[in-house]
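Protein chains in written order, with the working numbering: chain A, 1 to 542; chain B, 1001 to 1542.
Yeah, the Cβ is synthetic: ideal placement off N, Cα and C, and Gly gets one too.
Protein chains: 2
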Amino acid sequence: MTRSQYDLHLDKNPANFQALTPLSFLERTASIHPDRVAIVHGRMWRTYHEFYARARRLASALSKIGIKPGDTVSAMLANTPEMLEAHFGVPMTGAVLHTINTRLDAAIIAFQLDHAESKVLFTDREFAPVMAEALKLAKVKPIIIDVDDLEFPQSGSLLGTQEYEAFIDGGDPSFAWRWPADEWEAIALGYTSGTTGNPKGVVTHHRGAHLMCYANTLSAGLGRAPVYLWTLPMFHCNGWCFPWTITALGGTHVCLRWVRAKAMYEAIDQHKVTHLCGAPIVMSTFLNAPAAEKLAIAHKVEFITAGAPPPAAVLGQMAAAGFNVTHVYGLTETYGPSVVNEWQGAWDALPAGEQAQLKSRQGVRYPALGDLRVMNPETMEDVPADGVTLGEVMFRGNIVMKGYLKNQAATEESFAGGWFHSGDLGVRYPDGYIQLKDRSKDIIISGGENISSIELEDVLYQHPAVSAAAVVAKADEKWGETPCAFLELKPGMTVTKEEIIAWCKEHLAGYKVPRVIVFDEIPKTSTGKIQKFRLREMAKRV
Amino acid sequence: MTRSQYDLHLDKNPANFQALTPLSFLERTASIHPDRVAIVHGRMWRTYHEFYARARRLASALSKIGIKPGDTVSAMLANTPEMLEAHFGVPMTGAVLHTINTRLDAAIIAFQLDHAESKVLFTDREFAPVMAEALKLAKVKPIIIDVDDLEFPQSGSLLGTQEYEAFIDGGDPSFAWRWPADEWEAIALGYTSGTTGNPKGVVTHHRGAHLMCYANTLSAGLGRAPVYLWTLPMFHCNGWCFPWTITALGGTHVCLRWVRAKAMYEAIDQHKVTHLCGAPIVMSTFLNAPAAEKLAIAHKVEFITAGAPPPAAVLGQMAAAGFNVTHVYGLTETYGPSVVNEWQGAWDALPAGEQAQLKSRQGVRYPALGDLRVMNPETMEDVPADGVTLGEVMFRGNIVMKGYLKNQAATEESFAGGWFHSGDLGVRYPDGYIQLKDRSKDIIISGGENISSIELEDVLYQHPAVSAAAVVAKADEKWGETPCAFLELKPGMTVTKEEIIAWCKEHLAGYKVPRVIVFDEIPKTSTGKIQKFRLREMAKRV
């Protein structure tokens, strides 16, 4: 491109260019609303002045023990104030925050600590047993700082030599924290669940985390000073960037150690919670609470959910209980939600069933996402927007990860052709909304025909005796693969394999009907995800 | 800095990095809400599908006549749909949109066209007389496209050979528009009013305009799908970036050629306007409308104002009329508002007078602004936050301009020391809020003491006979400078110089009392700004 008059003497300088970072949000809010309540945890609360001072103490204390830009600081914490502080204090040193799923087993934790080359570990007494085991297995020897949470009254050992409060006491509350030299610098590291092989370490950056704060604001309609209940684990994609988002808006973080109905209803009632996020299990916890624990909610509460699409009955019950549910979808690789079921005003007039069907679709791209496509991964061409043709869901934009840590092959594979390949299969409807149909590795190819395991599972779930269903491919000499269904039955119910096959024949095209039915317990990960790779092993043996 | 594991094989690629631009917002909204009403203009309305298609037609038509990246396209337009389209269609070619204040005289317009090296000019029949004259004076010969607005029924000549509708008819509605190669690329050019010497051309970029959309959203509490009334001229700092902001949110733009009470009340009532911006004159227009033109506003309307701080009486009347007023401050160099009087909940309990006093302060930095200081420009040190000590207001961050076009000296001067020097003098209060006191060139230094001309004017305005007041420095052998006051009186009122001086002595420290009083008409610019440089000339002669 030839240079024009607009390229001359109009360069970046400290007055007109700054690296984007979500850390600036805490500094701004603390300076404008120092006395506003930033964090509530049980009976404890802190202002933004205190929140900022404590985050700076943490950064200062980490610097004093030698933490420097590019180091990894790990955290195995519940949704406590210390975890919020870590989201600011750790990157304020230039280090990268590695959050650990608290439900993992010792071997995987040890793998993560070693792979991340962790220098410091924050851990909570609740997780001391598994963490002690993990530390024995790990090669790295991080400095261990124990969080001794007041809201965890049970015993449980302290693993390190220093407690969090004592540690940050040694830090300077007016520490001159490090602004990232480049907005592309890493801010966080989170491992994918690794249902197949070793977990991959997703690296995100300051630019993306900053933009996600704005995107969350628009997408969730956060408005000024929201009150946010921490029902979504912060270890999960950095709580979808809400530690930074709520802070940007000067909102109140209401911490919560456990997703329990009584505590959630009380928090909503007492603090007038306006927003919360969570998997469908959080909705069930609300709805299935004993009557004595349920409190009437007088104000409208926004509930943002991801995972399985919310069924019509649940949506109806949630609305009756005072919640407006928004359905989102994303991956660790996209900072959490990057697709939102943006509601169209015209849909308000539709019957509840149709509304639920529309809401079950994953939707359209998030505000900060550049592009969202459903493509044939071979040709990289869009599938027709017919609601039927399967393709792989692909992402592009500033809220896509930097890549996988120390895994160049996986990074390159995931970015092949200039798009992030989600591994999720879906369709696009004529109105542009997408709907997931399957994980690409979960698709069953039988006689050259693609069979969606989700479609089969949907039919199986509708059988009155079935409580859980999972379908995987089983190698077959004639067909290549055939569907193999694993079923758990409701208590006291019985059904024969023949009855299940008859049910499927009634509801599915013949080639999709499972050839093999297995009644057995279905293996799940610590986070409740069905482990299809184990089922595939089991399928080989039946 | 040593490289860490986070710097290896984790580079930018088309999947995870895109230049920020506000243009992407139109594409996204049009794809998600194609049938939503984007623009209303009189009885005409258009959907987002149409808005996007027309913007692309415009970009395509411009490309066809040879417009390329780095070219300047000028627009002298009212707040019509074509002006909104220009905010997208022009930068979609990589060209820079130069907006012209429609109240300027021919000589200044000619200067701007020449200085900007304008290649294409969009002009409206209303401005044909002055534009015809300007084109005679200008050396450049831009291609002229006439906008023949349906809402401007009066006659008025067409200056070019082509009308806007015919021009874009030749464009392709699915034109593959040009994404900026770099988010630092120029998007717009706007000239400062130039009360002293030639106007300076402020160049802004795609990155800043993109971030301003988020900042406006947070700051004005825009929420989902706002309905925005165009009372602020779009030629003024690109309408504070609201053409892009409202589009990002899928809101409705309600166009308006003239700030007239009847049309404004009707638009608010008919379209359920939620937000509008404007100078204090817009508020007076609402409040001073004949009773027959006033309509009761049943819903809450957010009014964002800049310029003179809103007085208590006006705030009270605005509240009674259904408006919530937010006070902002900024400059063309900061994309419009970059300081906001962010309201503190605790202030709600204060008496109206105190609330008005608090609201009269300019406030705190905008969400996307990195830093805002009041500094001694000699030492570049912060003034004490005492509400008294004067300093220069300085800005830093991503919503500060690239610089002044073809004016390296002015650019370097304005960015001296790594801060943008606003030229405005103000104080900082203990709570961090800033308040403007004067333009630095308007300060009067008498006997070594700084005298704020604004403070004197405030006192003079309070005199019952005074309708307008302006104070400038007059050279004085003994004192260096002394204050010289120019006054306009209310119809039918009289007052003597002695009475004015007595009034000032009663309300001001002795050294601040004006030595010279002049009763005369006060010269103003086309936009109503008092021309102090002319008053300084007049002061020499009295």
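Around the beta carbon of Ser1155/B, fewer than 16 other beta carbons sit within 10 angstroms, so the residue counts as exposed. For Ile297/A, the closest alpha carbon among the candidates Ala320/A, Ile399/A, Pro81/A, His9/A is that of Ala320/A. Ala1485/B sits in a strand when the DSSP states are folded into three classes.
The Cβ-Cβ distance between Lys497/A and Asp442/A does not fall below 9 Å.
For Pro1081/B, the uninterrupted alpha helix (DSSP H) segment begins and ends at 1081-1089. Along the region 385-407 of chain A, the positions whose C-beta sits under 9 Å from a C-beta of chain B are Met394, Phe395, Arg396, Gly397, Asn398, Ile399, Val400, Met401, Lys402, Gly403, Tyr404, Leu405, Lys406, Asn407, read in chain order. A Cβ-Cβ contact shorter than 9 Å links Val1471/B with Cys1484/B. By the criterion of a C-beta distance shorter than 6 Å, Met44/A is surrounded by no residue of its chain, once the five residues flanking it on both sides are discounted.
Spanning the alpha carbons of Met264/A and Ala279/A requires a straight line of approximately 14 Å.
Nearest Cα to Gly336/A within the set Lys68/A, Leu135/A, Pro310/A, Phe395/A: Phe395/A.
Contacts with chain B at 9 Å (Cβ-Cβ) do not include Phe235/A. When DSSP reads this structure, Leu1189/B sits in a beta bridge with His1098/B, Val1203/B.
If you look at Ser31/A, you'll find it in the alpha helix (DSSP H) that goes 23-32.
Residues of the same chain with a CB within less than 6 Å of the CB of Lys402/A, apart from the 5 flanking positions on each side, are Val203, His205 in chain order. At least one CB atom of chain A sits nearer than 9 Å to the CB of Leu1020/B. The beta carbon of Ala15/A falls within 9 Å of a beta carbon belonging to chain B, placing the residue at that interface. Contact between Val1301/B and Val1273/B holds, with the beta-carbon distance rounding to 6 Å and staying under 8 Å. Straight through space, the alpha carbons of Ser219/A and Glu342/A are spaced by roughly 8 Å. For the 9 Å CB-CB criterion, Leu229/A and Ala261/A do not form a contact. At a beta-carbon threshold of 9 Å, the residues of chain A lying near Arg1365/B are Arg28, Ser31, Ile32, ordered along the chain. A Cβ-Cβ separation of about 19 Å leaves Gly391/A out of contact with Ser446/A under the 8 Å criterion. Residue-level contact by beta carbon holds for Ser4/A and chain B, with a gap shorter than 9 Å. Contact check for Glu85/A and Arg54/A: beta-carbon distance about 5 Å, within the 8 Å limit, so the pair qualifies. In this structure Lys119/A is buried. Its beta-carbon is surrounded by 16 or more other beta-carbon atoms within 10 angstroms. With the criterion set as a beta carbon lying under 7 Å from some beta carbon of chain B, the members of the region 408-423 of chain A are Gln408, Thr411, Phe415, Gly418, Trp419, Phe420, in sequence order. For Asn1238/B, the enclosing alpha helix (DSSP H) begins and ends at 1237-1240. For the region 1089-1101 of chain B, the beta-carbon criterion of a distance under 8 Å to any beta-carbon of chain A is satisfied by Val1096. Per DSSP, Tyr164/A is one residue of the alpha helix (DSSP H) stretching across 164-169. In the three-state scheme derived from DSSP, where H, G and I count as helix and E and B as strand, Cys1504/B is classed as helix. Going by DSSP, Tyr1329/B is part of no alpha helix (DSSP H) but of the beta strand (DSSP E) stretching over 1323-1331.
Cα atoms of Thr1247/B and Pro1081/B: separation of roughly 13 Å, rounded to the nearest angstrom.
Two segments are said to touch when three or more pairs of C-beta atoms, one from each, lie closer than 8 Å; by this definition the region 98-107 of chain A touches the region 123-142 of chain A. Under the DSSP assignment, Phe111/A falls in the alpha helix (DSSP H) whose first and last residues are 106-116.
For the C-beta of Val1518/B, not a single chain A residue is nearer than 9 Å; the gap to the nearest is close to 39 Å. In summary, Gly171/A is buried, with 16 or more beta-carbon neighbours lying within 10 Å of its beta-carbon over all protein chains present. Neighbours of Val1203/B in chain A, taken as residues whose beta carbon is under 7 Å from its own, are Tyr6, Leu10 in chain order.
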